[in-house]
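Asker: Numbering (the numbering used here), first residue to last: 3 to 234.
Cβ coordinates follow ideal geometry from the N, Cα and C atoms, glycine included.
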């Protein structure tokens with residue numbers, strides 16, 4: 003409660019003016035509900051739904067797609083969220099990208115294309131050198147393409163190398179980092195996001211820096227990731 007010694011207090015929503023014995027005016031302000039409780043409830047329910055999806059899919063081998071749709075439907079019924087806002091916030095470009103890539107990879111596996119490519123990349127008696135070649139292919143391709151797409155399409159080439167003695171964990175790490183590190187350039191998704199978030203005045207200089215990094219990382223990053231993780 004605040005007291006203004008002179009003149010009437012300015013009116014505001016939720017406020018009431020009461021005269022005081024000293025001749026001033028006391029203003030009583032009522033605080034509107036902030037909705038914090040509802041936000042906290044929504045977050046807790048969302049986390050519980052995510053944990054349920056993970057536990058049921060991993061522990062009970064249930065279809066993660068159906069689980070995700072079921073969890074989303076239950077959250078919608080409980081929280082009564084505006085459907086228009088939900089649909090507009092779905093990253094449809096990412097959904098279509100991943101869905102298309104998985105369809106493409108499944109088709110190539112069905113046709114035996116990865117087996118043919120793996121045979122062409124295999125260096126007789128040296129699976130580690132074959133892994134190095136695969137890392138360079140992933141790095142060069144990631145310079146102008148999405149590192150996620152490159153990683154998804156090159157992963158099926160790794161199992162034959164693992165069968166020949168390459169560490170599965172080391173091979174996956176080497177291949178993933180070879181794809182991601184080169185992607186930090188103006189033509190890649192990661193570099194594009196960094197460039198888009200920068201101030202307009204700083205973009206030309208940042209563009210040159212990212213382009214230089216990308217060109218240098220093409221020969222260096224695949225070799226370093228292979229050297230660090232390929233020997234596990």
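Taking contact to mean at least 3 C-beta pairs separated by less than 8 Å, is the stretch 201-218 in contact with the stretch 167-174?
Answerer: Verdict: no, contact absent.
Asker: Between which two residues does the alpha helix (DSSP H) containing residue 153 stretch?
Answerer: First-last of the alpha helix (DSSP H) with residue 153: 149-156.
Asker: Look at the alpha carbon of residue 49 and the alpha carbon of residue 149, and state the distance between them as a whole number of angstroms.
Answerer: Answer to the nearest angstrom: the Cα atoms are 28 Å apart.
Asker: Under 8 Å, do residue 144 and residue 135 count as touching if we go by C-beta distance?
Answerer: No, these two residues do not count as a Cβ contact at 8 Å.
Asker: In chain order, which beta strand (DSSP E) runs of at least 3 residues are fully inside the stretch 35-116?
Answerer: Counting only runs of 3 or more, we get nothing.
Asker: So residue 180 and residue 140 are supposed to be a Cβ contact under 8 Å. How far apart are they, rounded?
Answerer: Right, the Cβ-Cβ distance comes to about 5 Å (below 8 Å), so this counts as a contact.
Asker: Between residue 177 and residue 132, which are expected to be in contact by the criterion C-beta below 8 Å, what is the C-beta distance as a whole number of angstroms?
Answerer: Rounded, the Cβ-Cβ distance is 12 Å, inconsistent with contact.
Asker: Where do the N-terminal and C-terminal ends of the alpha helix (DSSP H) with residue 209 fall, by residue?
Answerer: First-last of the alpha helix (DSSP H) with residue 209: 205-231.
Asker: Assign residue 30 to one of three DSSP states: helix, strand, or coil.
Answerer: Reliability fails at residue 30, whose pLDDT of 48 lies under 50, so the model's placement of it is uncertain and the value that follows must be treated cautiously. DSSP places residue 30 in strand when its eight states are reduced to three.
Asker: So, helix, strand or coil for residue 189, using DSSP?
Answerer: Residue state, collapsed to three classes: coil.
Asker: How should residue 227 be labelled, buried or exposed, when 16 other C-beta atoms within 10 angstroms of its C-beta is the threshold for buried?
Answerer: With 16 or more Cβ atoms within 10 Å of its Cβ, residue 227 is classed as buried.
Asker: To the nearest angstrom, how far is the alpha carbon of residue 186 from that of residue 142?
Answerer: Cα to Cα, the separation comes out at about 12 Å.
Asker: Contact check, residue 193 vs residue 212 under 8 Å by CB: the rounded distance?
Answerer: Confirmed, Cβ separation roughly 5 Å.
Asker: Contact check, residue 73 vs residue 55 under 8 Å by CB: the rounded distance?
Answerer: Right, the Cβ-Cβ distance comes to about 5 Å (below 8 Å), so this counts as a contact.
Asker: Who are the Cβ neighbours of residue 188 in its own chain at under 8 Å, not counting the five residues just before and after it?
Answerer: Taken in chain order, the residues that qualify are 194, 197, 209, 212, 213 and 216.
Asker: Please classify residue 223 as buried or exposed, where buried requires at least 16 other C-beta atoms within 10 Å of its C-beta.
Answerer: By the 10 Å Cβ count, residue 223 comes out buried.
Asker: Quick one: what does DSSP say residue 184 is sitting in, helix, strand or coil?
Answerer: DSSP places residue 184 in helix when its eight states are reduced to three.
Asker: Closer than 7 Å by C-beta to residue 12: which residues in its own chain qualify, once you throw out the five before and the five after it? Chain order, please.
Answerer: Bear in mind that the predicted position of residue 12 carries a pLDDT of just 49, short of 50, making it unreliable; the figure below should be weighed with that in mind. Closer than 7 Å at the Cβ level, and outside the excluded window around residue 12, lies no residue.
Asker: Residue 97 and residue 155: beta carbons closer than 8 Å?
Answerer: No.
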